[in-house]
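Position one of the sequence shown corresponds to residue 1 (UniProt numbering), numbered consecutively onward.
Positions of the beta carbon are idealized from the N, C-alpha and C atoms, including for glycine.
Below is one structure, written out as structure tokens; the observations come after it.
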Amino acid sequence: MTDTNTARITVANQKGGAGKTTDVIHTGGALSARDHDVLLVDIDYHGGLTCSLGYNDLYYDTDRTTLFDVLDFDQMELVNDIIVEHEEFDILPASEKLANNKNIQTLLEAPKSRERLEMTLDELDEDYDYIIVDTPPSLNVLTDNALVATGNVVIPVIPEKLNANSLQIFAKQLSSLEQAYGDINRLAIVCNRVEQNGEHRDTIEEIKSAYSLPVFEIPKRTDLSQSIGEGVSVFGFGKENQRVEDARDLFNEIADLFDETFEKATPEEVEA
Numbered sequence: 001m002t003d004t005n006t007a008r009i010t011v012a013n014q015k016g017g018a019g020k021t022t023d024v025i026h027t028g029g030a031l032s033a034r035d036h037d038v039l040l041v042d043i044d045y046h047g048g049l050t051c052s053l054g055y056n057d058l059y060y061d062t063d064r065t066t067l068f069d070v071l072d073f074d075q076m077e078l079v080n081d082i083i084v085e086h087e088e089f090d091i092l093p094a095s096e097k098l099a100n101n102k103n104i105q106t107l108l109e110a111p112k113s114r115e116r117l118e119m120t121l122d123e124l125d126e127d128y129d130y131i132i133v134d135t136p137p138s139l140n141v142l143t144d145n146a147l148v149a150t151g152n153v154v155i156p157v158i159p160e161k162l163n164a165n166s167l168q169i170f171a172k173q174l175s176s177l178e179q180a181y182g183d184i185n186r187l188a189i190v191c192n193r194v195e196q197n198g199e200h201r202d203t204i205e206e207i208k209s210a211y212s213l214p215v216f217e218i219p220k221r222t223d224l225s226q227s228i229g230e231g232v233s234v235f236g237f238g239k240e241n242q243r244v245e246d247a248r249d250l251f252n253e254i255a256d257l258f259d260e261t262f263e264k265a266t267p268e269e270v271e272a
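Here is the structure:
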């Protein structure tokens, strides 16, 4: 069973294109670069994280045991067999089975339908420092599973009026889950692809006023896609330039918040 000291975090927003997968990969890279043991879980039916990091074959191979399969009571302990060792972190890859409406309906109608991922993660043999879950761009049983399994959430958003309004819908979903499954800690809001224009500045100020949470800003100019194109985070990327360094600084700020919140000392701090 996973050590209770493992910090579990979901990155979620029902709005597509908010930057969830990008935030998961680079934050995971930041934590891994501090020598934390990190597991990234892809419960998105699109498999964005899985495919972005180069595991397309696993996503489309429905003959293997998959994440969907290990959500079954009788197969949960098999989760250890399907974890992939990436050069920066471990990955629990998504599967095309998650995109099958019949499969999702079966899960939705099953006992403890929203607690399956939590129970599956409890079967992990390794005691990770962090488990970070990437979610679908929708409020469904998969997203609910991630939120219940972690009890912590980071909310990415593009700082445009329509996208910011979606935060209210997401807040209602969190409140609904909390009534049945307990508190879900809102850790931060991450504003992605920020541009220096009036709409973005005004929206960010509105978000800061409406939510008593840390708000991180990731500028649109920040170089994030090139490293993912090579299957790594900016921390595993071999290219060195100012834009890469700027990106690392931004995600190190998020990692700082996590380490402080969950009282995780880096190896350098332990040695000191």
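Going straight from the alpha carbon of A99 to that of R8, what length do you get? Going from the Cα of A99 to the Cα of R8 covers about 24 Å.
Presumed contact (8 Å Cβ cut-off) between I91 and T6, rounded CB distance: Incorrect: roughly 16 Å between the Cβ atoms, too far for contact.
What's the call for E88, buried or exposed, on a 16-neighbour Cβ count within 10 Å? Buried is the call here.
By alpha-carbon positions, which one of V154, M76, Q105, V153 ends up nearest to L121? Per the C-alpha coordinates, the member of V154, M76, Q105, V153 positioned closest to L121 is M76.
Please go through the same chain and pick out, in chain order, the residues whose beta-carbon is closer than 7 Å to the beta-carbon of D113, but skip the five residues on each side of it. Rather than Asp, the amino acid found at residue 113 in this sequence is Ser. Contacts found: L107, V141.
Buried or exposed by the 16-neighbour rule on C-beta atoms within 10 Å, applied to V270: Its pLDDT being 44, under 50, V270 is placed unreliably in this model, and the value from its coordinates should be taken loosely. In this structure V270 is exposed. Its beta-carbon is surrounded by fewer than 16 other beta-carbon atoms within 10 angstroms.
Look at V79 and L31 and say whether their C-beta atoms are less than 8 Å apart. In this structure, V79 lies away from L31, with their beta-carbon atoms at least 8 Å apart.
Alpha carbon to alpha carbon, what distance is there between Q196 and E160? Going by C-alpha positions, E160 is about 12 Å away from Q196.
What residue range is occupied by the uninterrupted beta strand (DSSP E) comprising F216? F216 -> beta strand (DSSP E) spans 215-219.
Rounded straight-line distance, which links the Cα of D127 to that of T2: With a pLDDT of only 46 at T2, under 50, the local geometry of the prediction cannot be trusted, and no value is derived from it.
Local Cβ density within 10 Å of L250, reported as buried at 16 or more and exposed below that: L250 counts as buried, since no fewer than 16 other beta carbons sit within 10 angstroms of its beta carbon.
Whole-angstrom C-beta distance between I155 and A255, which should lie under 8 Å: With 8 Å as the limit, A255 and I155 do not qualify as a contact, their Cβ atoms being about 17 Å apart.
Closest by CA to F68, which one among H36, K15, N103? Nearest C-alpha to F68 among H36, K15, N103: N103.
My output table needs one value for N197: the three-state DSSP class, helix, strand or coil. Looking at N197 - three-state DSSP - the assignment turns out to be coil, as it is neither helix nor strand.
Quick one: using the 10 Å Cβ neighbour count with 16 as the cut-off for buried, is residue 274 buried or exposed? Shown here, the chain extends from 1 to 272; a query on residue 274 therefore has no answer.
Spatial neighbours of D42 within its chain, please: C-beta separation below 6 Å, excluding the five flanking residues on both sides. Correct list, in chain order: L49, T50, P93, A94, D134.
Would you call the CB atoms of V153 and I184 closer than 8 Å? V153 is a Cβ neighbour of I184, given a cutoff of 8 Å.
Cβ distance (whole Å) where I228 is taken to contact S52 below 8 Å: Sure, about 5 Å apart at Cβ, within 8 Å.
C-beta atoms of R201 and T222 nearer than 8 Å: Result no, Cβ atoms of R201 and T222 do not sit closer than 8 Å.
Here's the rule I'm using: 16 or more other beta-carbon atoms within 10 Å means buried, otherwise exposed. How should L147 be labelled? Within 10 angstroms of the beta-carbon of L147 lie 16 or more other beta-carbons, which makes it buried.
In or out: G47 buried (at least 16 other Cβ within 10 Å) or exposed? So G47 ends up on the buried side.
Inter-residue Cα distance where the pair is N163 and S175: Distance between the alpha carbons of N163 and S175 is about 19 Å.
With D44 and V190 assumed to form a contact (beta carbons below 8 Å), what rounded beta-carbon distance in angstroms separates them? The Cβ separation is near 17 Å, so there is no contact.
At the level of alpha carbons, what is the spacing between L177 and E206? So the alpha carbons of these two residues sit roughly 25 Å apart.
Please tell me whether Y55 and E96 are closer than 8 Å, where the distance is taken between their beta carbons. Taking 8 Å as the cut-off, the beta carbon of Y55 is found no closer than this to the beta carbon of E96.
Quick one: what's got a C-beta closer than 8 Å to I204's C-beta in the same chain, skipping five residues either side? Same-chain partners within the cutoff: P159, C191, V194, V215, E217.
According to DSSP, is E132 helix, strand or coil? With the sequence shown as reference, residue 132 is identified as Ile, and Glu is not the correct amino acid for it. Taken through DSSP and simplified to helix, strand or coil, I132 comes out as strand.
Need the endpoints of the alpha helix (DSSP H) that D90 sits in, please. Residue range 90-92 is occupied by the beta strand (DSSP E) that includes D90, with no alpha helix (DSSP H) assigned at that position.
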